[in-house]
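Novice: Please read through the structure below; I'll follow up with questions.
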Amino acid sequence: MADIHVEEFYKDVAIALVQLYGAFPRRINLFVEDIAGPDDPDEFGLHSRRHMACFGTLLWLEEEGLIRYVDTIRQEALDQAVLTRNAFVRLSAPAPASLAPASRQGYDQREEALPPSVQKDLSTHIHLIRTALKSGHSGHISQIVQGTFFADDNH
C-alpha cells in the first residue's frame, strides 16, 4: 500500500488534468481548493499540509512539462493554466488495454455496437482517468495516473 501523501498526489494530478483537459485550449485559473477541498488557514494565514501538498503537485506538473501557467495567485491557484502539447496528446491517445482491467469488468457486447469514434474516446487516457476518479478507489487512480505518465510514447 502506498503512502497516503502519494495517493493524494495521484488524485490531485488526475483532478487537475481532467479540469485542464475539459477546458482545453482555453487557459483557466486552477484553484487548489477545487482539487484538494476547502482549506482553513491557521491564525497566521498558513495553509494546511494538505493544501500545500496539492499546490506543490500543481507546480510539479509545470516543472515536468505537463502544464503551463502565467503566474501563481498566492498559494491559492495557478493563473491562466493550460495543458502543454505533450500532455494533451498523451491524454487524448488510446491507452493500452492492459492499463484498464478494472474499467473493463463491465464490458459487454453493447460497447462493440458503439461507433468506432466513441469506442476510441472510451479507450483514451483521459477517459480512464475520469473513470478512475469516479470510482473513488485510490489504488485505481494511482495505477491509471502512473500508466499515463509512464506509458510507451509510441501509443
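All letters in the sequence shown, in the order written, are residues 16 to 170 by our numbering. Heads up, the beta-carbon is just placed ideally off N, CA and C, and yes, glycines get one too. These numbers come from a predicted model, not from an experiment.
Do you know how far the Cα of Ile141 is from the Cα of His155?
Specialist: Roughly 14 Å between the two C-alpha positions.
Novice: Checking contacts by CB at 7 Å: is Met67 closer than that to chain C?
Specialist: Considering every chain present, this structure includes no chain C. It has just one protein chain.
Novice: Alpha helix (DSSP H) containing Phe24: first to last residue?
Specialist: That run of the alpha helix (DSSP H) goes 19–38.
Novice: Roughly how far, in whole angstroms, is the beta-carbon of Arg42 from the beta-carbon of Gln90, given that I think they are within contact range, below 8 Å?
Specialist: With a Cβ gap of about 19 Å, Arg42 and Gln90 do not count as contacting.
Novice: Measuring CA to CA, which of Ile50, Leu148, Leu143 is closest to Leu93?
Specialist: Measuring from the Cα of Leu93, the nearest candidate turns out to be Ile50.
Novice: With a threshold of 7 Å on Cβ separation, who are the neighbours of His66 within its own chain once the five nearest residues in sequence on each side are excluded?
Specialist: Closer than 7 Å at Cβ, skipping near neighbours: Val47, Ala51, Asp54.
Novice: Keeping to the same chain, check which residues put their C-beta closer than 8 Å to that of Thr139; ignore five residues upstream and five downstream.
Specialist: The residues are Leu106, Ser107, Ala108, Pro109, Ala110.
Novice: Alpha carbon to alpha carbon, how far is Leu143 from Lys149? Give it in angstroms, no decimals.
Specialist: Lys149 and Leu143: Cα-Cα distance of roughly 10 Å.
Novice: How about Thr72 and Phe24: are their beta carbons less than 7 Å apart?
Specialist: Yes. Within cutoff.
Novice: With DSSP as the reference, identify every bridge partner of Asp86, one or two as the case may be.
Specialist: BP columns for Asp86 point to Asp94.
Novice: Determine whether the beta carbon atoms of Glu22 and Ser153 lie at a separation below 7 Å.
Specialist: Yes.
Novice: For Gly80 versus Leu114, is the C-beta distance shorter than 7 Å?
Specialist: It is not a contact, given that the beta carbons lie outside the stated cut-off.
Novice: Measure from the alpha carbon of Tyr36 to the alpha carbon of each residue in Ala112, Thr99, Thr146, Ser63, then state which is nearest.
Specialist: The residue with the shortest Cα to Cα distance from Tyr36 is Thr99.
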